[in-house]
Structures are given as C-alpha cells and as structure tokens.
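From first to last, the protein sequence lines stand for chains A and B. This note's numbering applies: residue -11 is where the first sequence begins, and numbers increase by one. This note's numbering applies: residue 58 is where the second sequence begins, and numbers increase by one. The C-beta atom is built at its ideal place from N, Cα and C for all residues, glycine as well.
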Amino acid sequence: MQVTANQVQGPAIHVQGLEKSYKKLEVLRGVHFDVARGSIFALLGSNGAGKTTVVNIVSTLLKADAGTASVNGFDVATQAGDVRQSISLTGQFAAVDEILSGRENLVLVARLRHLKDPGTIADNLLDRFSLTDAAARRVSTYSGGMRRRLDIAMSLIGNPPVIFLDEPTIGLDPQGRIEVWQAVKELAGHGTTALLTTQYLDEAEQLADRIAILHEGRIMVNGTLTELKQLLPPAKVEYVEKQPTLEDVFLAIVGDDGKNGDAGNDRSAGTDK
Amino acid sequence: MTKHFFGDTAVLTGRSLRHITRSPDTIITTAIMPIALLLLFVYVFGGAINSGSHSYVTYLLPGVLLITIASGISYVGFRLFLDMQSGIFQRFHSMPIARSSVLWAHVLTSLVANLIALVIVVLVALLMGFRSGAGVLAWLAVAGILILFTLALTWIAVIAGLSAKSADGAGAFSYPLIFLPFISSAFVPTDTMPGPVRAFADYQPVTSIVNTIRDLFAQRPVGTDIWTALAWCVGILIVAYIVARAIYRRRIA
C-alpha cells in the first residue's frame, strides 16, 4: 500500500493530551502514549476507564475535545481518510455480519477495501484461521471463538499496518481466548502494530510488548512488563508447591489437541515467581 | 473517498439485499396487510361503499399501494437500527469507504423490497378483478410516482432508525403513515366526509397521489393533482434527506 511506504517515520500511533467528556462526565483527562511500529501495546483498565473512547478516537469514529492523535503519521482529525486506509478495527463493538456466511463477510470487507480478487483473499484467510470448513455457514451458527477469529481475519484484509483490538476476548471461554491470542501473536509476527485494550491482566502479560494502565482518564503507568513489575518492592523468594491452575485442569479435561498447551504453562510458571 | 461512492453503495446494497432474500418474511409481512385490506374492503365493506366507480377494487388499489409502501418502509428503520446496535456500522465507518454509501445502501434496499411487495399486491388485485387499460407510459408514470413516494418515506424511516432508542421505536413511527390513507380519497370519495375531516383529507399528500394514480389507471387526464402529488413527494424527500444527513453526521462524528 502506498500510504504505508510514505509514512515510515515515527511511532505507529502517537496520542497527546487527549481529552473527551460526555456531557459532564470526563472520560479522558489528558491521555499521552506512543506505540512503536510492529509492537503490541496493551491499554489496561477496568470497565468504564475510557479504553474504548481512546480506540474510537484513534480509529476516527469519535472526535476528541482536546489533544491530538496520529496513526501511521496521519492526523486523525484532519487526515481521517488516510488514517482509515491505514487501520482496521476489531473486537467488542466492531461486529461481523451474522446473516452472511464467514466467506461472504471476508469478501464484503475485501470489496469495501477496493482490493482485486476478493474471493482468493477470503479463501486464503479462511485457511489461515482454520475456518475453511465453516466458510459457507452463517456466522450466527459460529462459536464465540470462531466469530472473533473471523473478526480478526476481516481486519487483516488489505494488510493495514495498524490494528485496533478492542477487548478481543471478552465473553470468550478459555479455548476461545487462546485461539484469539494465537491469532494476535501471529499478526504481530507479520510486523503489524496492534493496540489492544483489555481488562484481563493475564492477557496483557501474554501478548503485549508494552503495557499502559488507564485509570480515571489518565495513563497511570506505561512500560514493559519487567518495568512495571519493578515499580513494586522486589519479589521475595518463597517455596510454593506447583499446582495446576484451574485453567490447566479445564483444558486438560475438555481437550484442546495439545497445540495450545504452552499458553497455559507459561501462565502457571508466571504465578510461581 | 467519494470516487468509490457508487462501488461502495453497490457492495453494501448487495449485502442488505442478501439479508432480505435470507429472511423474505419482511417482504411477505409487508404485502400481507395490504392484501388483507383489499380482501376486507372489496368483499366485506365494498358492497356498502358507493365509490362512484363500477369496480371497487380498481378504485381501492392506488390507496392500498401507498399503504404497502408505508408499512414496508418501517423495516428500513429497523434494519438501520440493528446495524447501528450491532457495531457493523462502526466497522464500516473505520474503513476507507464513502460513508454516505452506508445510508444509501439501506435506501436502495428499501426501494427494491417495496417494489417487490407492490408487484405482489398488484398481482393479487388482478386476481380480484382489477383491470386497467393504461398504456406503458401511464404505468411508467405510476411506477415513477410510487418510487418517489417510497424514497420520500424511506428517508423519513432513516431519520427514525438513526434516532430511535429501541428496535420497536425504530419501526413504530410508520403506524401513523399507514393510517394516513384512511383519511384520504383512498377508500371513499372525500365529499362524503364531514367538513373539517374533508378539509384535512383534501389537502394531505395521500389524496393527490391517490387521485393521480387512479386517473392514470383509468386513462383520464390527470389534471393538477399530479403537480400537487409531485410537489409533496419531492418536498418530503428533500426535507427528510437533509434532516437524515444532518442526524447521520452528528451520530458518526
């Protein structure tokens, strides 16, 4: 895409002094952060912390009251068209079409992105996200994990350099969550920049290169996981019997083909420290 | 992004037409009420109504066609509301497309769905004895007026769909529109009505549209009614379009 070639300088996402109020409710009170190219940045916060508001502003769906934001070097307020060319939005509020089939959803997005040969693009993505068998079925028959996988596949069409994942695993069962995590890791492996919002701390630990905590409309801390951990007193060494987590038990019983096992192990190792 | 307006509108119209073909009940329910009215008024009340015309179904059809449109457009508001609720609008709006094509796709889909329902109602009327000697030009004129009326009401439905707080609200606004033809020349000549009612009936848009279509079917000269009818349709269309666009801009800003 020519727009990406022209805009290789600077951070993929640059947010400065963002403010937004809904009537008297101040949701954002000066939010600053940068996201480096090719990294996964997690915006962590409780419900109502303003994560979705940030995503809506940087994806040109909402206007900020004050502050600036740019994506891929384009200003979200004055160059909205170029920003939309550079991004895609997925997750909590960006729906897939339930009445269409999975393949039709992908073809629809490929057509709207004005790409050649939408059918081939759709078939390749169905294959990559293990949805080929369900391709012709209506999305309303999909499981939660399949739907989010389709959602992420839709946002990869046209290879936008920046992807917004707004609470991509909310409401999913543990298997669906791991499916989505693998999809996100895969797209980060292709050099895509991702801004991830989540209220699940382990999700940020699993996926993100940098983590920022949004609280009461401001970024309270922003750093790598190691940096954030250093903010608290150093860990004490304690001997704790290593027991399987409930998630390990659940996944062992319901079975997940063993291919997702490492995600669970990483997490139990993390709790030992 | 306006260079993609027609392409994007075509793609999105294809999407919502698929929704209709996968749940054709919306077209069937649109056609059922007008057909029931035709049956009721022709075979139950019709004997007692003196319309001054030898075939009551022929007298009745123009008004019933307008009722068909008024009930059909309520689905536009409904579909629009669902699209906004589900978040699919947000996906579209975050993509490099011509944003107004999202609305136009719903409007064109409404037009197609209503035309199908209108054809079904006309076919039933033919079975019931509706006859017209109207030529191709007169039929085209009738189709043109019905399309204009559909577009005008559809943009009103877009306003309702964009501003509704619930799915029920998005559809409910059309009830008064469905009843408008009852206080017009659609079922009985207006000169049988008491003074104030007659005054309302004579000067509301439906009467002029009904009279125009009736004259076209009967191969009579249309008189000034056609200009009144066109002025109403175009006027409503322009005002509703401007208001809908303004609300849409505010909703997506």
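**Q.** Between the CA atoms of B/V296 and B/A286 - distance to the nearest angstrom
**A.** One-based indexing of the second sequence puts residue 286 of chain B at position 229. One-based indexing of the second sequence puts residue 296 of chain B at position 239. B/A286 and B/V296: Cα-Cα distance of roughly 16 Å.
Q. What span of residues does the alpha helix (DSSP H) with B/H61 cover, start to end?
A. As a position in the second sequence, residue 61 of chain B is number 4, starting the count at 1. That residue, B/H61, is in no alpha helix (DSSP H); it is neither H nor E in DSSP.
Q. What does DSSP give as the partner residues of A/T56 in its beta bridges?
A. Taking the first sequence and counting its residues from 1, one reaches residue 56 of chain A at position 68. A/Q4.
Q) How would you call B/W289, buried or exposed, if buried means at least 16 neighbouring beta carbons within 10 angstroms? A) Within the second sequence, residue 289 of chain B is the residue found at index 232, counting from 1. Buried, since its Cβ has 16 or more Cβ neighbours within 10 Å.
Q. Looking at the structure shown, is A/G18 part of a helix, part of a strand, or coil, going by DSSP?
A. What you label residue 18 of chain A is simply residue 30 of the first sequence in a count that begins at 1. Three-state DSSP puts A/G18 in a strand.
Q: Specify, as a first and last residue, the run of the alpha helix (DSSP H) that A/M208 falls within.
A: Sequence index remark: in the first sequence, residue 208 of chain A carries index 220 (1-based). Taken as a continuous stretch (DSSP letters only), A/M208 belongs to no alpha helix (DSSP H), being part of the beta strand (DSSP E) at 206 to 211.
Q: Using a Cβ cut-off of 7 Å (strictly closer), state whether A/A83 contacts chain B.
A: Indexing the first sequence from 1 puts residue 83 of chain A at position 95. True, the Cβ-Cβ gap to chain B drops below 7 Å.
Q.
Short of 7 Å Cβ to Cβ, which residues in the segment 48 to 72 of chain A face chain B?
A. Residues of the segment 48 to 72 of chain A that bring their beta carbon within less than 7 Å of a beta carbon in chain B comprise T48, L49, K51, G69, R72, in sequence order.
(Q) Can you give me the C-alpha to C-alpha distance between A/T233 and A/G211, rounded to a whole angstrom? (A) On the first sequence, residue 233 of chain A is found 245 positions in, with the first residue counted as 1. On the first sequence, residue 211 of chain A is found 223 positions in, with the first residue counted as 1. The alpha-carbon atoms of A/T233 and A/G211 are separated by roughly 27 Å.
**Q.** 7 Å Cβ cutoff, A/R125 in contact with chain B
**A.** Residue numbering aside, residue 125 of chain A sits at position 137 when the first sequence is read from its first letter. A/R125 does not count as touching chain B.
**Q.** A/V43 vs A/T185 beta-carbon contact at 7 Å
**A.** The residue labelled residue 43 of chain A in the question sits at position 55 within the first sequence. The residue labelled residue 185 of chain A in the question sits at position 197 within the first sequence. Going by C-beta atoms, A/V43 is nearer than 7 Å to A/T185.
Q.
Buried or exposed for A/G252, going by 16 or more other Cβ atoms inside 10 Å?
A. Within the first sequence, residue 252 of chain A is the residue found at index 264, counting from 1. A caution first: A/G252 carries a pLDDT of 42, below 50, which makes its placement in the model too unreliable to give a value.
**Q.** Straight-line Cα distance separating B/I173 from A/R125
**A.** Within the first sequence, residue 125 of chain A is the residue found at index 137, counting from 1. Within the second sequence, residue 173 of chain B is the residue found at index 116, counting from 1. Whole-angstrom Cα-Cα distance: 27 Å.
Q | Sequence-distant residues of the same chain with beta carbon closer than 6 Å to B/Y132, five excluded per side | A | Locating residue 132 of chain B in the second sequence gives position 75, counting from the first residue. Excluding sequence neighbours, B/Y132 sits near T83.
(Q) Here's the rule I'm using: 16 or more other beta-carbon atoms within 10 Å means buried, otherwise exposed. How should B/W212 be labelled? (A) Position 155 of the second sequence, counting from 1, holds the residue named residue 212 of chain B. Residue environment: B/W212 is assigned as buried (16 or more neighbouring CB atoms within 10 Å of its CB, all protein chains considered).
Q: Output the distance between the C-alpha atoms of A/G243 and B/L203, rounded to the nearest integer angstrom.
A: As a working note, residue 243 of chain A is residue 255 in the first sequence. As a working note, residue 203 of chain B is residue 146 in the second sequence. The straight-line gap from Cα to Cα measures roughly 60 Å.
(Q) Using 8 Å as the cut-off, can you tell me whether the segment 52 to 63 of chain A makes contact with the segment 3 to 10 of chain A, which would need three or more C-beta pairs spanning the two stretches below that distance? (A) yes
Q: Can you tell me which of the three DSSP states A/A200 falls into?
A: Numbered from 1 along the first sequence, position 212 holds the residue referred to as residue 200 of chain A. DSSP places A/A200 within a strand segment (E or B) once states are collapsed to three.
Q) What are the start and end residues of the beta strand (DSSP E) that includes A/G79? A) Walking along the first sequence from the start, residue 79 of chain A turns up at place 91. Run containing A/G79: 75 to 79, per the beta strand (DSSP E) assignment.
Q. For a contact meaning CB atoms closer than 7 Å, what does A/H203 contact in chain B?
A. Here residue 203 of chain A is taken as the residue at index 215 of the first sequence, counted from 1. Taking a Cβ-Cβ threshold of 7 Å, none of the residues of chain B is close to A/H203; the smallest such distance is about 25 Å.
Q) Quick one: what's B/V176 bridged to in DSSP? A) By 1-based counting over the second sequence, the position of residue 176 of chain B is 119. BP columns for B/V176 are empty, so no partner.
Q. In its own chain, which residues sit with a C-beta less than 6 Å from the C-beta of B/I293, not counting the 5 before and 5 after it?
A. If you number the second sequence from 1, residue 293 of chain B lands on position 236. For B/I293, the CB contacts under 6 Å within the same chain, skipping 5 residues up- and downstream, are A209 in chain order.
Q | Amino acids of chain A, ordered along the chain, whose beta-carbon sits closer than 8 Å to that of B/R75 | A | Taking the second sequence and counting its residues from 1, the one referred to as residue 75 of chain B is at position 18. Those are I87, L88, E92, listed as they occur along chain A.
Q. Whole-angstrom Cβ separation of B/T70 and B/A162, contact assumed at under 8 Å?
A. Within the second sequence, numbered from 1, the residue matching residue 70 of chain B stands at position 13. Within the second sequence, numbered from 1, the residue matching residue 162 of chain B stands at position 105. Indeed they touch by this definition, with Cβ atoms about 4 Å apart.
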